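Chemist: Following this message is one structure expressed as structure tokens.
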Amino acid sequence: SAVISQKPSRDICQRGTSLTIQCQVDSQVTMMFWYRQQPGQSLTLIATANQGSEATYESGFVIDKFPISRPNLTFSTLTVSNMSPEDSSIYLCSVERGPGQPQHFGDGTRLSIL
Amino acid sequence: ILNVEQSPQSLHVQEGDSTNFTCSFPSSNFYALHWYRWETAKSPEALFVMTLNGDEKKKGRISATLNTKEGYSYLYIKGSQPEDSATYLCAPQGVQGAQKLVFGQGTRLTINP
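Chains as they are written, first to last, in my numbering: chain A, 1 to 114; chain B, 115 to 227.
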């Protein structure tokens, strides 16, 4: 299984600011994903981070709000922009090595917006 | 795959008892069914990936079955221990959605010593 380092582990931010979350994997992986879990909700896919091209966003999520970088096959960032209290969530990155394989998750970023 | 239901939402079980819970999903365009365990303050941990109708997988005291024709999977825990306390998530994976997972809301399991 992959070793995934996600930073920061938690943060408390002011309304209107932005935060960038980093995800570093110990080996090259093709598929990287970003998820969000709002309080009391299920784990929801934000986007698939594509190496060398724009991320693929799910319905309800847009690049302006959640810009994603994927400069290589071991690293990705998710930025939560212009934050509001509704963005208070756990954000997780995950990787998958191929179809039918389990996804491996980072430890998550617990984000609170005041 | 859009509609994933897990039941019950929460469950309290006495240590030593066995338990089970359900994941229901649309049976069309099915590719795989994932089960994860998510303990508080940790990352979700993969338990099983199941693809074939009638599949049964086992990992220690935990096992799972899959019925792709009727769209459900059961997760069983035998002889529950306090360390089994966690939220158990299922996520079907559809053919058209490639590797995308759609997670249910989970079953929150608490083992009472």
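Just so you know, even glycine gets a beta-carbon here, dropped at the ideal spot from N, CA and C. Quantities reported herein were computed from a predicted structural model and do not represent experimental measurements.
#1: If you reduce the DSSP assignment to three classes, tell me which class ASP87/A lands in.
#2: Under 9 Å between the Cβ atoms of ARG15/A and SER84/A?
#3: Between VAL127/B and chain A, is there a C-beta pair that is closer than 9 Å?
#4: Smallest Cα separation from LEU19/A: which of SER59/A, ASP87/A, GLN101/A, ALA2/A?
#5: Return no unless some Cβ of chain A is closer than 9 Å to the Cβ of GLN219/B.
#6: With GLN24/A and PHE66/A assumed to form a contact (beta carbons below 8 Å), what rounded beta-carbon distance in angstroms separates them?
#7: Name the DSSP bridge partner or partners of ASN134/B?
#8: Of the choices THR224/B, TYR188/B, ASN226/B, whose alpha-carbon is the least far from that of PHE139/B?
#9: Would you say TYR145/B lies against chain A (beta-carbon separation less than 9 Å)?
#10: Could you check where the beta strand (DSSP E) with GLU197/B kicks off and where it finishes?
#11: Any beta-carbon of chain B closer than 9 Å to the one on PHE33/A?
#12: I'd like to know if LYS172/B contacts chain A, where contact means its C-beta is closer than 9 Å to some C-beta of that chain.
#13: Helix, strand or coil: how does DSSP classify SER76/A here?
#14: Can you tell me the Cα-Cα spacing of CYS137/B and PHE217/B, whole angstroms?
#15: What does ASN181/B pair with, by DSSP beta-bridge criteria?
#16: What are the partner residues of VAL216/B, as DSSP defines its beta bridges?
#17: Let me confirm a value: PRO122/B is counted as buried when at least 16 other C-beta atoms fall within 10 Å, else exposed. Which label applies?
#18: Can you give me the start and stop residues for the beta strand (DSSP E) that ARG175/B sits inside?
#19: With which residues is ARG222/B paired in a DSSP beta bridge?
#20: Determine the DSSP secondary structure at ILE115/B, reduced to helix, strand or coil.
#21: Terminal residues of the continuous beta strand (DSSP E) containing GLU159/B?
Modeler: Working from what's here:
#1: Walking along the first sequence from the start, residue 87/A turns up at place 87. Here ASP87/A sits in helix by DSSP.
#2: Position 15 of the first sequence, counted from the start, is the residue given in the question as residue 15/A. Position 84 of the first sequence, counted from the start, is the residue given in the question as residue 84/A. Yes, these two residues count as a Cβ contact at 9 Å.
#3: Within the second sequence, residue 127/B is the residue found at index 13, counting from 1. Under the 9 Å criterion on CB atoms, VAL127/B is classed as non-interfacial with respect to chain A.
#4: Counted from its first residue, the first sequence places residue 19/A at position 19. The alpha carbon of LEU19/A has as its nearest neighbour, out of SER59/A, ASP87/A, GLN101/A, ALA2/A, the alpha carbon of ASP87/A.
#5: Within the second sequence, residue 219/B is the residue found at index 105, counting from 1. Residue-level contact check: GLN219/B touches chain A, since one or more beta carbons of chain A fall below 9 Å from its beta carbon.
#6: As a first step, residue 24/A must be located in the first sequence, where it is residue number 24. As a first step, residue 66/A must be located in the first sequence, where it is residue number 66. No, GLN24/A and PHE66/A are not in contact; Cβ-Cβ is about 19 Å, not under 8 Å.
#7: One-based indexing of the second sequence puts residue 134/B at position 20. ASN134/B has TYR190/B as its beta-bridge partners, per DSSP.
#8: In the second sequence, residue 139/B corresponds to position 25, counting from 1. Comparing Cα positions, the closest option is TYR188/B.
#9: In the second sequence, counting from the first residue as 1, residue 145/B sits at position 31. Residue-level contact by beta carbon holds for TYR145/B and chain A, with a gap shorter than 9 Å.
#10: Along the second sequence, one-based indexing puts residue 197/B at 83. Per DSSP, GLU197/B lies in no beta strand (DSSP E) segment and is marked neither H nor E.
#11: For this step, residue 33/A is matched to residue 33 along the first sequence. Chain B contact via Cβ: present.
#12: Here the question's residue 172/B lines up with position 58 in the second sequence. For LYS172/B, the answer is no, since every Cβ of chain A falls outside 9 Å of its Cβ.
#13: Residue numbering aside, residue 76/A sits at position 76 when the first sequence is read from its first letter. DSSP places SER76/A in strand when its eight states are reduced to three.
#14: Locating residue 137/B in the second sequence gives position 23, counting from the first residue. Locating residue 217/B in the second sequence gives position 103, counting from the first residue. Cα to Cα, the separation comes out at about 10 Å.
#15: Locating residue 181/B in the second sequence gives position 67, where the first residue counts as 1. Paired residue(s): TYR186/B.
#16: Counting from one through the second sequence, the residue named residue 216/B turns up at place 102. Note: VAL216/B sits in no beta bridge, so no partner.
#17: As a first step, residue 122/B must be located in the second sequence, where it is residue number 8. Under this definition PRO122/B is an exposed residue.
#18: In the second sequence, counting from the first residue as 1, residue 175/B sits at position 61. Careful: ARG175/B lies outside any beta strand (DSSP E) and carries neither H nor E.
#19: Position 108 of the second sequence, counting from 1, holds the residue named residue 222/B. DSSP lists SER124/B, THR201/B as partners of ARG222/B.
#20: On the second sequence, residue 115/B is found 1 positions in, with the first residue counted as 1. Because the pLDDT of ILE115/B is 48, which lies under 50, any placement of that residue in the model is unreliable, and the number read from its coordinates should be weighed accordingly. When secondary structure is reduced to three states using DSSP, ILE115/B falls in the coil class, being assigned neither helix nor strand.
#21: Residue numbering aside, residue 159/B sits at position 45 when the second sequence is read from its first letter. It spans 159–164 - the beta strand (DSSP E) in which GLU159/B sits, taken as one unbroken run.
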